[in-house]
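Trainee:
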Amino acid sequence: MAPSRGLSTVFSILSYRTSHSNRVCSSIRPQFISRAYTSIPASSFVELVTRPTSKHQIYISRSLDPYLNLSIEHFLLQRTSPESVILFLYTNRPSIIIGRNQNPWVEVNLRLLNAAKNDNNDIETEPPSLGDVWLVRRRSGGGTVFHDEGNVNYSVICPPAEFARDKHAEMVVRGLRNLGIDRARVNERHDIVLDQGSQRSQVDEADTHVTPYTSDDRLRSLKISGSAFKLTRHRSLHHGTCLLSSPNLNIIPDYLHAPAKPYIKARGVESVSSPVGNVGLSNGEFERAVVEQFCRLHNVPLDASRGAIEGVNTTVSENDNKWVSAVVDEELASIPEIAKGMDELKSLEWTFLQTPQFVLSSHPTPDDPRERPTLDSAIPSKTQISLKSRSGVILESDIHIPSDGPLAETQAAEIHKELANKKIHEIDNWEALLGGSKGIEDSNHTKAIGNWLAKMFGKA
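The sequence shown: position 131 = 131 (UniProt numbering), numbered continuously.
1. Measure the Cβ-Cβ separation of Ser155 and Phe75 and say whether it is below 8 Å.
2. Kindly list the residues whose CB is nearer than 7 Å to the CB of Val186, restricted to its own chain and excluding five residues on each side of it in sequence; keep chain order.
3. Can you tell which of Val328, Lys447 and Thr374 has its C-alpha closest to the C-alpha of Leu68?
4. Between the Cα of Ile424 and the Cα atoms of Asp442, Ser71, Val393 and Lys438, which residue gives the shortest distance?
5. So what's Glu270 in DSSP terms, helix, strand or just coil?
6. Where do the N-terminal and C-terminal ends of the beta strand (DSSP E) with Asn151 fall, by residue?
7. At the level of alpha carbons, what is the spacing between Thr144 and Leu332?
8. What does a CB cutoff of less than 6 Å around Gly203 pick up in its chain, not counting 5 residues either side in sequence?
9. Taking the beta carbon of Ala378 as the centre, do at least 16 other beta carbons fall within 10 Å, making it buried, or is it exposed?
10. Ordered along the chain, which non-local residues of its own chain (more than five positions away) have a Cβ less than 7 Å from that of Pro373?
11. Ends of the beta strand (DSSP E) at Lys223?
12. Report all residues from its chain with a CB closer than 7 Å to the CB of Asp428; omit the five preceding and five following residues, and keep chain order.
13. Are the beta-carbon atoms belonging to Gly277 and Ile224 less than 8 Å from one another?
14. Whole beta strand (DSSP E) runs in the stretch 182-247 with 3 or more residues, listed along the chain?
15. With distances taken between CB atoms, is the gap from Ile96 to Val108 smaller than 8 Å?
16. My output table needs one value for Leu281: the three-state DSSP class, helix, strand or coil.
17. Applying the 10 Å Cβ sphere with the 16-neighbour rule, what's the burial state of Asn153?
18. Do Arg111 and Leu64 have their CB atoms nearer than 8 Å?
19. Out of Arg138, Gln384 and Lys230, which has the shortest C-alpha to C-alpha gap to Gly341?
20. From the DSSP output, in three-state form, read off Gly450 for me.
21. Kindly identify the DSSP beta-bridge partner or partners of Tyr90.
22. Nearest-angstrom Cα distance between Gly150 and Leu244?
23. For the alpha helix (DSSP H) holding Lys167, just list the boundary residues, first then last.
24. Expressed to the nearest angstrom, what Euclidean distance is found between the alpha-carbon atoms of Ile385 and Pro66?
25. Got a sec, what are the start and stop residues for the beta strand (DSSP E) Ile58 sits in?
26. What does a CB cutoff of less than 6 Å around Lys447 pick up in its chain, not counting 5 residues either side in sequence?
27. Tell whether a beta-carbon distance below 8 Å holds between Gly405 and Glu418.
28. Thinking Val136 and Leu237 are a contact (beta carbons under 8 Å), I'd like their distance in whole angstroms, please.
29. How about Ser61 and Tyr90: do their beta carbons lie closer than 8 Å?
30. Is the separation between the beta-carbon of Glu414 and that of Gly439 shorter than 8 Å?
31. Could you pull out every residue in the same chain whose Cβ sits closer than 6 Å to the Cβ of Thr355, ignoring the five residues on either side in sequence?
32. Need the endpoints of the alpha helix (DSSP H) that Leu112 sits in, please.
33. Using three-state DSSP, classify Leu395 as helix, strand or coil.
34. Buried or exposed: which applies to Thr232, given that a residue is buried once 16 or more other Cβ atoms fall within 10 Å of its Cβ?
35. Looking at Leu222: is its Cβ nearer than 8 Å to the Cβ of Gln196?
36. Give me the residue from Glu441, Asp376 and Leu360 with the minimum Cα distance to Ser397.
Given below as structure tokens:
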């Protein structure tokens, strides 16, 4: 999906903007759309979405709610005609979106999120935190991404026969190039990147997988857009974001640095680090360019874009009932299926209990021989901590401060009685839970181990 992790090395490179025909990247404040619009009524939206003759549909959301926008997207995936092609554009408030098969304790600094949510000033970042950043598990695969109002999400839904992983990333690149972003291309991972070279070479300008700067690889390309996919029997979904003017590039690493990651071996999908940067366009410029390329790609009259792009005194544009174009907003939350989807995404059960199996261990093991960071000094040096979880529930545990074999086994068994079948996200006080087991005799050790586990799982 969107640009993800590994941002700390690129900022000094990205502080300038060249001529319009040769933009590399820029660190500018977001340029948002602040115009009046008329959104489509919920009842009309349902009728148009489900109408078999609506072969091409274009929607732009003016809501910044990620729960709503992802639920609208899911509604479009499920309810549109199997033969139709849909373009949906939306922007979200600051939020972290993890993939369907990811582990939030590996991908996200939950401690930072929880501190901001609870107005806890004991945890600070430099620069200061963004306040309440939402955590959302989406329904598609792929890696963890940070959304804010400086990047626009694009989503294309089409029949499986028309699906290709690069097809609509190429569409977006053509839109960017029409705006003078000649460094944009699709890479081998289906991402969109900006080449950073300074030496031009002759290339086929129609090739969306190469730019005049691709061969100059002295500087690593910057990721501006990633992709995620969801394939069903009758429909295919490709969505991603494009970093345009995010003001948060220098703080995003704080949110995507999970303290527990060095200690966890997880099933599922782990995010891939990439240096990222802004394109240097406004949201409106990008929206217009993508809508135009969508219309050209699918032979839709450019008039079809008017309702969504202009959003003034228009709720829907139609031509022989074959295409639809409209602006949507919070009113769609009144549609029962969308409201249900929002409730699911907001639930802690969805966010945490969908987590694939993982093992947290404080020490190297045969299955995970990586060296671990040193434990807190208050924890006795011979302490071993191991938890196995599936679907966010503790299945196995082995926590002890061994002085001899039998005592270690007794300690571990007593502690496991307290931990077994507990939902990790519901444990607010690890020290109290461990203390209730009587498995650790020294209360100072109980406190130290409890505090460490609380840090690992974002509760301290």
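All C-beta atoms in this analysis are idealised placements derived from N, C-alpha and C, irrespective of residue type, glycine included.
Mentor: Well, looking at it:
1. no
2. Asp166, Ala169, Glu170, Val173, Ile192, Thr208 and His209
3. Val328
4. Val393
5. coil
6. Asn151 to Cys158
7. 26 Å
8. One detail in the question is off: residue 203 reads as Val in this sequence, not Gly. Excluding residues within five positions, the ones whose Cβ falls inside 6 Å are Val210 and Pro212.
9. exposed
10. Pro262
11. Leu222 to Ser225
12. Lys459
13. yes
14. 184-186, 192-194, 222-225, 227-231 and 236-243
15. yes
16. coil
17. buried
18. no
19. Arg138
20. helix
21. Asn153
22. 6 Å
23. Lys167 to Asn178
24. 36 Å
25. His56 to Ser61
26. Glu431
27. no
28. Actually they do not touch by this definition, with Cβ atoms about 16 Å apart.
29. yes
30. yes
31. Asn103 and Gly392
32. Leu110 to Lys117
33. strand
34. exposed
35. yes
36. Leu360
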